[in-house]
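Below: the structure, in structure tokens.
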Amino acid sequence: MTRATDKQFDGEEAFIDGDGPDSLSPSVVDGDPGRRLPQDDDDEDPDGHDIEAPRSQAALSDDEVAAKIRALEERLDTMIRRPGALPDADAAPPSRFTPSKTVPPGPDSTVFDTARELLSTEFYMRKWGRLGMRNRSEEVDDFGKDPVYEKKVEPFFDFLYERYFRVECEGIDGIPADGRCLLVANHSGTLPYDGMMIKTAVKREHPQHRDVRWLAEDFLFHFPFLGSFSNRIGAVRACQENAERLLQQESLTAVFPEGVKGIGKLFRKRYQLQRFGRGGFIKLALRTGTPIIPVAVVGAEETNPMLLRIDYLSHMMGIPYIPVTPTFPLLGPLGLLPLPTKWKILFGSIVRWNEYGPEAADDEMLVGRLAEQVRGEIQSMLDRAVKQRASVWLG
Amino acid sequence: MYYGWTAKGYRARMGSSAARPKAGNDLATKAPSPAGGVVAVVGASSFLGGNLIALLEEDDRTRRIIALDSDARATRSSKTRAYPFDLTDPKADARLAEVLAAERVDTLVHVSFLSAPSYAAAWAHELESVGTRHAMVAARHAQVRKVVLWSQTVLYGAHPSNPNFLTEQHPLRASRKEPFFADKMEAEAEVLRFADRVPGSVVTILRTAPLLGPTVQNYLTRFLSRRIVPTMMGFDPLLQFVHEVDAIAAFKLAIDRNVPGIFNIVGDGVLPLSTVIKLAGRVAAPIPHPLAETAIAVGWMAQLADAPPSFLKYLRFLCVADGKKAWETMGFRPAYTTREALLDFTSAQRLRDVHLLHEPTA
Numbered sequence: 005m006t007r008a009t010d011k012q013f014d015g016e017e018a019f020i021d022g023d024g025p026d027s028l029s030p031s032v033v034d035g036d037p038g039r040r041l042p043q044d045d046d047d048e049d050p051d052g053h054d055i056e057a058p059r060s061q062a063a064l065s066d067d068e069v070a071a072k073i074r075a076l077e078e079r080l081d082t083m084i085r086r087p088g089a090l091p092d093a094d095a096a097p098p099s100r101f102t103p104s105k106t107v108p109p110g111p112d113s114t115v116f117d118t119a120r121e122l123l124s125t126e127f128y129m130r131k132w133g134r135l136g137m138r139n140r141s142e143e144v145d146d147f148g149k150d151p152v153y154e155k156k157v158e159p160f161f162d163f164l165y166e167r168y169f170r171v172e173c174e175g176i177d178g179i180p181a182d183g184r185c186l187l188v189a190n191h192s193g194t195l196p197y198d199g200m201m202i203k204t205a206v207k208r209e210h211p212q213h214r215d216v217r218w219l220a221e222d223f224l225f226h227f228p229f230l231g232s233f234s235n236r237i238g239a240v241r242a243c244q245e246n247a248e249r250l251l252q253q254e255s256l257t258a259v260f261p262e263g264v265k266g267i268g269k270l271f272r273k274r275y276q277l278q279r280f281g282r283g284g285f286i287k288l289a290l291r292t293g294t295p296i297i298p299v300a301v302v303g304a305e306e307t308n309p310m311l312l313r314i315d316y317l318s319h320m321m322g323i324p325y326i327p328v329t330p331t332f333p334l335l336g337p338l339g340l341l342p343l344p345t346k347w348k349i350l351f352g353s354i355v356r357w358n359e360y361g362p363e364a365a366d367d368e369m370l371v372g373r374l375a376e377q378v379r380g381e382i383q384s385m386l387d388r389a390v391k392q393r394a395s396v397w398l399g
Numbered sequence: 006m007y008y009g010w011t012a013k014g015y016r017a018r019m020g021s022s023a024a025r026p027k028a029g030n031d032l033a034t035k036a037p038s039p040a041g042g043v044v045a046v047v048g049a050s051s052f053l054g055g056n057l058i059a060l061l062e063e064d065d066r067t068r069r070i071i072a073l074d075s076d077a078r079a080t081r082s083s084k085t086r087a088y089p090f091d092l093t094d095p096k097a098d099a100r101l102a103e104v105l106a107a108e109r110v111d112t113l114v115h116v117s118f119l120s121a122p123s124y125a126a127a128w129a130h131e132l133e134s135v136g137t138r139h140a141m142v143a144a145r146h147a148q149v150r151k152v153v154l155w156s157q158t159v160l161y162g163a164h165p166s167n168p169n170f171l172t173e174q175h176p177l178r179a180s181r182k183e184p185f186f187a188d189k190m191e192a193e194a195e196v197l198r199f200a201d202r203v204p205g206s207v208v209t210i211l212r213t214a215p216l217l218g219p220t221v222q223n224y225l226t227r228f229l230s231r232r233i234v235p236t237m238m239g240f241d242p243l244l245q246f247v248h249e250v251d252a253i254a255a256f257k258l259a260i261d262r263n264v265p266g267i268f269n270i271v272g273d274g275v276l277p278l279s280t281v282i283k284l285a286g287r288v289a290a291p292i293p294h295p296l297a298e299t300a301i302a303v304g305w306m307a308q309l310a311d312a313p314p315s316f317l318k319y320l321r322f323l324c325v326a327d328g329k330k331a332w333e334t335m336g337f338r339p340a341y342t343t344r345e346a347l348l349d350f351t352s353a354q355r356l357r358d359v360h361l362l363h364e365p366t367a
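Residue numbers (this note's numbering), protein chains in the order written: chain A, 5 to 399; chain B, 6 to 367.
This is the structure we're talking about:
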């Protein structure tokens with residue numbers, strides 16, 4: 005088995021060596037150098053047995069006939085022994101010879117059985133149900149991420165990343181190659197594309213192509229379609245329990261501590277970080293001993309410039325606010341399409357708090373101070389990038 | 006509540022061979038005597054009760070089994086004694102106390118709960134909520150120290166604000182307006198009150214995920230046996246099941262070991278509803294949820310629908326529990342994952358679909 009030319013033969017040879025499935029087609033077996041009985045099956049397979057051979061050569065001497073008989077007996081023995089060598093596949097060897105020996109079963113019975121099966125609605129229902137699985141994997145992870153579905157929608161995000169937002173990354177190598185890590189980013193855009201773009205950025209640009217899970221706001225999961233869609237591609241509902249579980253699984257998790265206040269901020273307040281919740285992400289990091297990487301997303305704040313926010317109707321619909329952008333109620337759902345701004349994602353340097361233990365999470369004063377420190381870091385990164393930027397559209 | 010049996014202690018004691026608890030269990034407040042304990046099963050004719058009795062009959066550690074149900078019959082083995090007995094009877098507590106005392110029962114297993122919502126809400130309330138109170142009063146009276154109660158993870162309620170994995174500390178937030186949930190929550194509260202009042206009691210509450218398997222019948226199997234399964238348009242919650250065999254094994258474990266507390270008994274892994282329907286070979290019919298709620302509310306009132314409208318929330322939002330505590334404290338590991346439980350159910354259901362498998366309806 006030293007041939008390295010074609011890999012698929014290796015697998016087949018392994019089968020034959022172990023006297024594996026005899027259902028292998030004869031052509032594969034014949035062309036195979038690794039099998040044990042090279043000639044035997046060759047002249048046996050077409051007609052099953054070759055009793056005619058000695059009869060046609062009647063002029064042979066007795067010794068020759070005896071030798072032939074011995075050889076035949078030997079072959080018979082090996083044939084009998086072969087199934088014995090494979091105790092768990094005793095049903096397989098006969099099946100190899102059935103096509104030539106046994107009479108095919110009555111045609112009418114099988115035909116009608118098949119017809120009945122094909123005509124029953126049950127059959128079609130089952131096929132239809134199975135067909136739906138082609139874009140779906142049979143198993144999802146704890147939080148409902150579906151790898152097959154994710155692969156299917158990946159080109160769409162690649163397009164957004166490469167062509168639409170033309171995302172540029174900086175400092176992405178600062179993300180550790182493995183282990184838990186928390187990406188803390190500013191949140192913006194009336195519709196949260198930033199989580200997906202951070203995920204795509206790390207998947208494409210990071211040397212280890214790590215997978216990012218991001219924590220999404222509650223209100224997303226009230227919505228039809230949106231919640232289940234983001235769940236399948238890797239968003240997780242933001243709460244302490246989920247975040248802790250993610251980090252315990254050593255995953256790279258993106259959080260947006262501004263939350264709804266971030267995506268709901270008005271256009272005139274762009275790039276001004278809102279309050280960082282109650283410092284939940286700091287508590288999380290301290291409790292689980294997770295390093296933090298501050299992340300600044302520039303360009304996302306102009307995708308859906310919100311001029312006005314209608315709050316009083318929204319509670320009835322279970323959403324935090326109704327946005328009014330230059331295009332939104334005007335053009336209908338089309339108005340929610342993001343503007344093609346030029347994005348830049350800056351990854352800051354990693355922050356570790358080894359000097360504090362998990363018990364520091366209960367120290368509200370410390371948590372507040374650390375949250376403010378991270379917030380200041382992101383704000384200065386944002387300010388710097390916005391100042392350097394010449395154009396919203398071209399960067 | 007008394008949580009004497011901690012995870013660390015459990016591991017230290019059991020060491021590497023965690024297969025079987027030792028007979029002389031020092032944690033036992035009232036360990037079964039070497040001759041074997043006496044286990045009373047309330048709801049002996051139910052799926053869990055019947056299977057549990059069959060399992061206990063095989064075990065030498067159980068000396069006698071007291072089967073209690075309205076149609077309890079002693080047919081299986083000489084170990085089992087059946088007492089026909091109706092929990093909805095106003096005098097049920099006195100009669101039950103009499104039986105428990107006479108048989109010197111040391112473990113009471115209460116699994117007398119409906120597996121699917123009933124139109125007869127008043128009767129269901131008498132059976133589940135008031136019935137549990139009768140059982141607990143009787144247990145106190147007869148000085149039964151150990152109680153095992155069947156509860157369900159659906160009682161956590163399906164909410165968009167649920168964490169992906171609910172732990173036992175999470176409050177029960179199922180709709181209190183729905184008798185099917187309210188009665189079971191009251192039953193749980195009743196048993197917890199018993200635990201508080203009776204010193205030295207060992208009360209185990211097993212909250213199972215929806216049971217699924219080849220033989221069990223409940224609202225979920227009814228839902229999945231439809232050719233066309235209604236779903237809520239745009240919602241695809243993650244679901245979690247536990248195989249029927251695993252659920253029965255968990256009860257056996259709770260009877261054998263003295264582990265006070267509440268435990269989620271769930272299968273590993275989750276599956277989105279859409280995948281569940283597809284794996285079961287069914288066709289999903291997405292309906293906008295406001296429409297479905299109205300339709301099913303009318304249908305339930307007219308006794309045409311299978312489930313009340315409050316069940317629709319479980320088709321929209323998440324209600325998945327974390328089984329970590331059951332593993333760490335009780336040593337329970339499910340043998341089947343959620344997916345395997347579903348596939349096991351599906352293979353039996355296929356036979357039922359083409360009338361090759363007939364079973365009496367539960």
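Here a beta-carbon is modelled for each residue, glycine too, at the ideal position from N, C-alpha and C.
Check residue i in the structure and name its three-state DSSP category.
i, result
"S134 (chain B)", "helix"
"K149 (chain A)", "coil"
"N2 (chain A)", "The requested residue 2 (chain A) does not occur in the structure, where chain A is confined to residues 5 to 399."
"A289 (chain B)", "strand"
"M190 (chain B)", "helix"
"Q74 (chain B)", "Note that residue 74 (chain B) is Asp in the sequence shown here, rather than Gln. It is a strand residue."
"N269 (chain B)", "strand"
"L256 (chain A)", "strand"
What number of angstroms, rounded off, separates the C-alpha of residue i from the C-alpha of residue j?
i, j, result
"I301 (chain B)", "A310 (chain B)", "6 Å"
"Y165 (chain A)", "N56 (chain B)", "57 Å"
"S278 (chain B)", "S353 (chain A)", "Inspection of the sequence shows that residue 278 (chain B) is occupied by Leu rather than by Ser. In a straight line, the C-alpha of L278 (chain B) is about 41 Å away from that of S353 (chain A)."
"P122 (chain B)", "K330 (chain B)", "29 Å"
"G52 (chain A)", "D67 (chain A)", "Reliability of the predicted coordinates at G52 (chain A) is poor, the pLDDT of 43 falling under 50, and no value is obtained from them."
"A179 (chain B)", "S134 (chain B)", "16 Å"
"K156 (chain A)", "M385 (chain A)", "34 Å"
"S120 (chain B)", "D358 (chain B)", "21 Å"
"I282 (chain B)", "L348 (chain B)", "11 Å"
Which residue's Cα is closest to the Cα of residue i: the options?
i, options, result
"T236 (chain B)", "B:D74, B:T280, B:F337", "B:T280"
"A87 (chain B)", "B:E108, B:P95, B:K96", "B:E108"
"E359 (chain A)", "A:I297, A:D81, A:R291, A:G380", "A:R291"
"P344 (chain A)", "A:M320, A:E158, A:G399, A:P324", "A:G399"
"A49 (chain B)", "B:F90, B:E191, B:D64, B:E63", "B:F90"
"D241 (chain B)", "A:P362, A:K149, A:F280", "A:K149"
"E249 (chain B)", "B:W305, B:L53, B:T67, B:V47", "B:L53"
"I296 (chain A)", "A:T204, A:Q377, A:V69", "A:Q377"
"E298 (chain B)", "B:G304, B:L284, B:P314, B:A289", "B:P314"
"K189 (chain B)", "B:P291, B:Y161, B:A346", "B:Y161"
"R138 (chain B)", "B:R198, B:T342, B:H164, B:A259", "B:R198"
"E154 (chain A)", "A:I237, A:S141, A:D367, A:G268", "A:I237"
"S318 (chain A)", "A:D198, A:K391, A:H226, A:D366", "A:H226"
"P298 (chain A)", "A:R379, A:D146, A:P362, A:P180", "A:R379"
"L317 (chain B)", "B:M335, B:I292, B:M306", "B:I292"
"C185 (chain A)", "A:H191, A:M137, A:L288", "A:L288"
"V142 (chain B)", "B:A99, B:E191, B:L284, B:A326", "B:A99"
"I233 (chain B)", "B:V264, B:A285, B:V196, B:A214", "B:A285"
"P309 (chain A)", "A:E172, A:K391, A:L195, A:L76", "A:L195"
"A129 (chain B)", "B:F185, B:L171, B:A140, B:A340", "B:F185"
With a cut-off of 8 Å on the beta carbons, I'd call residue i and residue j a contact; round off their distance for me.
i, j, result
"R287 (chain B)", "R231 (chain B)", "7 Å"
Practice task
Name, going along the chain, the residues of the region 187-209 of chain B whose beta-carbon falls closer than 8 Å to a beta-carbon of chain A.
Solution key: none
Practice task
Pull out every residue of the region 324-356 of chain B whose Cβ sits closer than 7 Å to any Cβ of chain A, in chain order.
Solution key: Hits within the stretch, in order: R344.
Exercise for the section: Using a Cβ-Cβ cut-off of less than 8 Å, list which residues of the region 270-283 of chain B approach chain A; keep chain order. Expected result: G274, V275, L276, P277, S279, T280, I282, K283
Exercise for the section: Anything in the region 163-174 of chain B with a Cβ closer than 9 Å to a Cβ of chain A? List those residues in chain order, please. Expected result: P165, S166, N167, P168, N169, F170, L171, T172
Exercise for the section: Name, going along the chain, the residues of the region 142-160 of chain A whose beta-carbon falls closer than 7 Å to a beta-carbon of chain B. Expected result: Those residues of the region 142-160 of chain A placed with their C-beta closer than 7 Å to a C-beta in chain B are E142, E143, V144, D146, F147, G148, ordered along the chain.
Handout entry: Residues from the region 234-257 of chain B in contact with chain A, defined by Cβ distance under 9 Å
Key = M237, M238, G239, F240, D241, P242, L243
Practice task
Could you please tell me which residues of the region 231-242 of chain A, in chain order, have their CB closer than 8 Å to any CB of chain B?
Solution key: G231, S232, N235, R236, V240, R241
Exercise for the section: Could you name the residues of the region 246-267 of chain A whose beta carbon sits closer than 9 Å to any beta carbon of chain B, in the order they occur along the chain? Expected result: N246, R249
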